[in-house]
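In what follows, a structure is listed as structure tokens, so that the remarks can point back to it.
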Amino acid sequence: MGVIAEFTFQHPNLPLMSTLEESGVRLDLEQAVAEDPERPVLFVWASHGNLDHFEAAACEDDSVDDVTLVEDADERRLYRVQVSERTEKPLYPLDDRMEASRLAVTSTADGVEARLRFPDRESLSAFQPRIETRGIDVTLRGVFSQTDPGLTDQNGLSSKQRTALVTAVELGYYGVPREASLADVADELGVSTQAASERCDAASTRSCGTNWTDSAAAGTACGRRTAGSLYRWLPASGMRVENSFIPAPGVGETTERRLWEHGVTHWDDFDASAPGVGETTAQNVYSFIGDARDALDRGDTQYFADAFPNNALWRLYENVAGDVAFFDIETTGLDKRSSDVTTVSVLHGGDTTTLVRGDDLTAENLADLLDASLVVSFNGKRFDQPFIEHNYDVDVDAPHLDLMYLCRRLDLTGGLKQVEADLGIDRGGMDVDGREAVRLWHRYEDGDEDALDRLVEYNRYDAQNLQTLLDTVAGRLHQEVFEPHA
DNA sequence: CATAAATTGCTACTCTCAGT
DNA sequence: ACTGAGAGTAGCAATTTATG
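Everything in the first sequence is counted per this note's numbering, starting at 497 for the first residue and increasing by one.
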């Protein structure tokens with residue numbers, strides 16, 4: 497599926513940039529000939545502003561070697577421009593390599609605006625970081641899907657969000673300069689200014705994150721958002737707590753993301769001059785970093801469990817990967833009050849241990865096995881942990897990472913087996929499910945030792961697969977959180 | 001320094017969903 | 001069928017920041 501994206505490129509050394517600033521002229525690219533990619537020849541229409549001034553200044557401009565008038569219409573003139581070798585050229589030769597095609601390119605003093613068609617989202621995602629590594633400031637202003645014309649709620653906007661966005665655009669809230677204040681938008685909608693701000697923000701964020709279809713409205717709204725690429729700032733491996741600023745008072749998702757976008761991806765990178773962080777918040781961040789460093793040195797994972805919102809606890813995984821207990825239980829039913837725990841399997845430090853009811857399944861052994869920096873389960877917060885704690889005198893103290901909710905964030909639903917299937921995680925031909933596990937246990941109670949073997953094997957598979965699952969999901973979340981949604 | 005805007009952090013509420 | 005944790009949604013108050 498083709499994707500059309502609009503970018504703005506900004507760099508002082510873009511072709512004719514200083515001349516455009518002086519003359520207020522706008523250039524529309526008609527054609528580009530790039531026999532030598534370092535020195536493309538552009539045919540551009542100049543309009544608006546002072547064209548005589550532009551022509552004189554252009555001839556003196558270092559960013560081009562030659563400017564020739566080709567055609568003189570009344571209000572606009574066509575020039576042939578030979579771009580010089582030392583000029584920044586965002587679209588050469590990268591767009592060819594990316595298989596992107598230029599649909600429209602316009603230069604003004606504000607930078608170069610380009611509308612490009614990409615064959616797919618992957619090539620679009622790859623495009624931006626490539627440009628950015630050359631020091632050019634790139635703003636993604638909009639992404640338009642070529643399919644689904646006219647569908648309105650492909651963006652995933654709620655009706656309130658949609659209404660807010662349309663109202664804001666109609667009133668000129670997104671105009672530059674603003675033609676309406678937030679209060680105007682709030683008035684029109686009949687809600688508080690905060691509510692209006694949130695609705696508009698949520699709407700424009702979602703529009704940016706998904707396909708746009710029509711809607712100049714959405715396009716305009718997104719114009720103010722910088723979809724900066726974090727690509728080049730990625731830590732080599734997965735995210736760790738040292739990349740996180742969320743726990744500091746005054747820092748939420750928005751501020752943390754802004755820090756990352758400005759290259760502050762590690763506690764070491766932080767300083768008080770960071771954008772979007774004032775004096776108060778900066779002090780809070782320093783204070784958090786100090787505490788967190790101490791906690792990390794002590795191996796105090798509880799600190800992070802308390803400091804991080806639950807949906808960010810997964811960031812702790814890489815830090816404590818050597819001391820994680822993956823666990824899964826089998827029972828005789830779903831209700832902890834009327835059913836018994838039959839087996840418990842724990843994968844910890846590379847070893848899988850299985851405790852069996854009536855044998856070695858005791859409170860002491862359970863506590864011992866689950867004593868880790870982090871315990872990991874699937875739906876264990878609702879099922880496994882309460883089940884164990886209700887039936888045995890055990891408290892699971894360690895921070896508990898429940899993979900079910902992480903998977904849900906990635907749209908992986910349908911239960912553990914379904915998720916594993918979706919991710920291609922091997923089950924080794926284990927054709928057992930929870931119901932069958934109950935039956936196996938009862939057969940064992942009736943004297944069938946093989947049934948127990950099979951039950952244990954199934955249980956161990958589950959525990960071990962949790963590690964594979966977490967590795968996979970953590971990798972995906974890492975991308976999701978760090979990388980732009982372009 | 002005043003103001004508008006952005007953001008966080010809180011509460012209250014609904015709704016989805018997965019375990020054996 | 002159960003069930004309750006947690007996600008999502010919304011709104012408001014208070015705090016913080018940006019901007020001229």
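C-beta: ideal position from N, C-alpha, C; glycine also.
**Message:** Across the region 946-965 and the region 840-860, are there enough close Cβ pairs to call them in contact, namely three or more that are closer than 8 Å?
**Reply:** With the cut-off at 8 Å, the region 946-965 and the region 840-860 touch.
**Request:** With DSSP collapsed to three states, give me the class of D836.
**Result:** coil
**Message:** Would L512 and S559 qualify as a contact pair, given that the criterion is a beta-carbon distance under 8 Å?
**Reply:** yes
**Item:** Residue of D802, L755 and A552 minimising C-alpha distance to P743
**Value:** D802
**Asked** Thinking just about the alpha-carbon of each residue, which of D929, A553 and L612 is nearest to the one in L951?
**Response** D929
**Item:** Per DSSP, the bridge partner or partners of L843
**Value:** F822 and T848
**Asked** Taking D548 as the reference, which of L525, Y575, A530 and V537 has the closest Cα?
**Response** Y575
**Request:** Taking only runs that begin and end inside the region 541-594, name each unbroken alpha helix (DSSP H) of 4 or more residues, in chain order.
**Result:** Correct list: 547-556 and 590-593.
**Asked** Can you name the start and end residues of the beta strand (DSSP E) that S873 belongs to?
**Response** L870 to S873
**Request:** Report back the beta-carbon spacing between S873 and D880 to the nearest angstrom; my notes put them in contact at under 8 Å.
**Result:** Taking C-beta atoms under 8 Å as the contact rule, S873 and D880 qualify, at a distance of about 5 Å.
**Asked** Name the DSSP bridge partner or partners of G607?
**Response** T604
**Request:** With DSSP collapsed to three states, give me the class of R904.
**Result:** helix
**Prompt:** How should R573 be labelled, buried or exposed, when 16 other C-beta atoms within 10 angstroms of its C-beta is the threshold for buried?
**Reply:** buried
**Prompt:** Should G971 be labelled buried (16 or more other beta-carbon atoms within 10 Å of its own) or exposed?
**Reply:** Exposed, by the Cβ-count rule.
**Asked** What is the residue span of the beta strand (DSSP E) that R535 lies within?
**Response** Element bounds for R535: n/a, residue is neither H nor E.
**Request:** Would you mind reading off the limits of the beta strand (DSSP E) that contains H896?
**Result:** H896 to D898
**Rounded separation between F640 and E976 - CA only** = Its pLDDT being 45, under 50, F640 is placed unreliably in this model, and the coordinates cannot settle the point.
**Asked** Mind checking N806: buried by the 16 CB within 10 Å criterion, or exposed?
**Response** So N806 counts as exposed.
**Item:** Inter-stretch contact (C-beta, 8 Å, three-pair minimum) for the region 829-837 and the region 758-771
**Value:** no
**Under the three-state DSSP convention, the category D633 falls into** = strand
**Asked** Under 8 Å, do L870 and L973 count as touching if we go by C-beta distance?
**Response** Cβ distance not < 8 Å, so L870 and L973 don't count as in contact.
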